[in-house]
Amino acid sequence: MTAENQRANIRRAARSLADLVSQGHALVITHGNGPQVGLLALQAAASSGEPFPLDVLDAESAGMIGYVLQQELGNVMRDRHFATLLTQVKVNPHDPAFSKPTKPIGPMYDKTMATKLAAERGWHIAPDGEKWRRVVASPKPLEILEVQVISFLTEGGVTVICAGGGGIPVVELSDGSLAGIEAVIDKDLASSLLARQLDADFLLMLTDVDAAYENWGTPRARPLDQVSVSELSLDDFAPGSMRPKMAAAIEFAHATGRPGAIGRLEDASAIVAGTRGTLVHAHDVAHNPSSTGIVN
Numbered sequence: 000m001t002a003e004n005q006r007a008n009i010r011r012a013a014r015s016l017a018d019l020v021s022q023g024h025a026l027v028i029t030h031g032n033g034p035q036v037g038l039l040a041l042q043a044a045a046s047s048g049e050p051f052p053l054d055v056l057d058a059e060s061a062g063m064i065g066y067v068l069q070q071e072l073g074n075v076m077r078d079r080h081f082a083t084l085l086t087q088v089k090v091n092p093h094d095p096a097f098s099k100p101t102k103p104i105g106p107m108y109d110k111t112m113a114t115k116l117a118a119e120r121g122w123h124i125a126p127d128g129e130k131w132r133r134v135v136a137s138p139k140p141l142e143i144l145e146v147q148v149i150s151f152l153t154e155g156g157v158t159v160i161c162a163g164g165g166g167i168p169v170v171e172l173s174d175g176s177l178a179g180i181e182a183v184i185d186k187d188l189a190s191s192l193l194a195r196q197l198d199a200d201f202l203l204m205l206t207d208v209d210a211a212y213e214n215w216g217t218p219r220a221r222p223l224d225q226v227s228v229s230e231l232s233l234d235d236f237a238p239g240s241m242r243p244k245m246a247a248a249i250e251f252a253h254a255t256g257r258p259g260a261i262g263r264l265e266d267a268s269a270i271v272a273g274t275r276g277t278l279v280h281a282h283d284v285a286h287n288p289s290s291t292g293i294v295n
């Protein structure tokens, strides 16, 4: 929740991503924004006047995170070109997610404080581990509107940072024009959609755990390594944490026949090599990663 901490984390990420690039992989990079957009919303609410809506704060968070990512990647890969692109993502204004907020944003609170803030500010809240957080609508992403621009830049050798925080949610109006809408799109589902629209070879979701686990939180917990779509049930994974990642991996593998993977940030190269993390395949096939992919 501080600029110093954010930069330190991004510096760690940049080193892992630089290793992938040095091995010949071309990357398109996405990222989340839950803590940052929640903090911006708190700051907006504390200021005088009408606070900015979530779609504008999504754009602001994509700029602030993308700037540091672009700078730190450039510091470790000085012979490469980088670009941060604000990315609009079309959603359905009638998505049922708007009536059932589930996406956690902002700081964590104990239940008493969260309940108090919810009453004062009209928030929806939900448990997040042992704490509580504000939750907002998270509609399904339908289309990445800047995909042609992303493709053009990537083909020109530019490493693109895009779909930050799941992208900026927009809806199409009756006259064909676009308008922002209050929501935060899930970053993993947006990354899977982007990977499919770009015809990427690999979807890599980097996090702070070494793999997706079967029976997580029980004595029978075990990491999953190479699994097929047919072996997985989303009901076996926790909502709001590992379930969106597994859903994204399954969507990508099923649609493309190529692997979607989940694992620890520091293990990025080993995950692509097939020796760490969880790799989700469309069928029971040997792992054979290609040279380009989406990194979240």
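Sequential numbering of the sequence shown, starting at 0, is according to numbering that gives the first Met the number 0.
Virtual Cβ for every residue (Gly too), placed ideally from N, Cα, C.
| query | result |
| --- | --- |
| Run of the beta strand (DSSP E) containing M204, from where it starts to where it stops | L202 to T206 |
| Buried versus exposed call for R195 [16 or more other C-beta atoms within 10 Å across all chains shown] | buried |
| Segment contact flag, the stretch 85-98 with the stretch 129-140, C-beta cutoff 8 Å, min 3 pairs | yes |
| I180, DSSP secondary structure in three states | coil |
| Spatial distance of I160 from N4 (CA atoms) | 20 Å |
| Nearest residue (CA-CA) to V90, options L205, E142 and V228 | E142 |
| Straight-line gap, R263 to T206 (C-alpha atoms, nearest Å) | 5 Å |
| Three-state class that DSSP yields for K130 in the structure shown | strand |
| Integer-rounded CB distance, given that L231 should sit under 8 Å from V279 | 7 Å |
| Length of the line joining the Cα atoms of I167 and G216 | 34 Å |
| Limits of the unbroken beta strand (DSSP E) element including T114 | Premise fails: T114 lies in the alpha helix (DSSP H), K110 to R120, not in any beta strand (DSSP E). |
| Buried or exposed (CB count within 10 angstroms, at least 16 for buried), D54 | buried |
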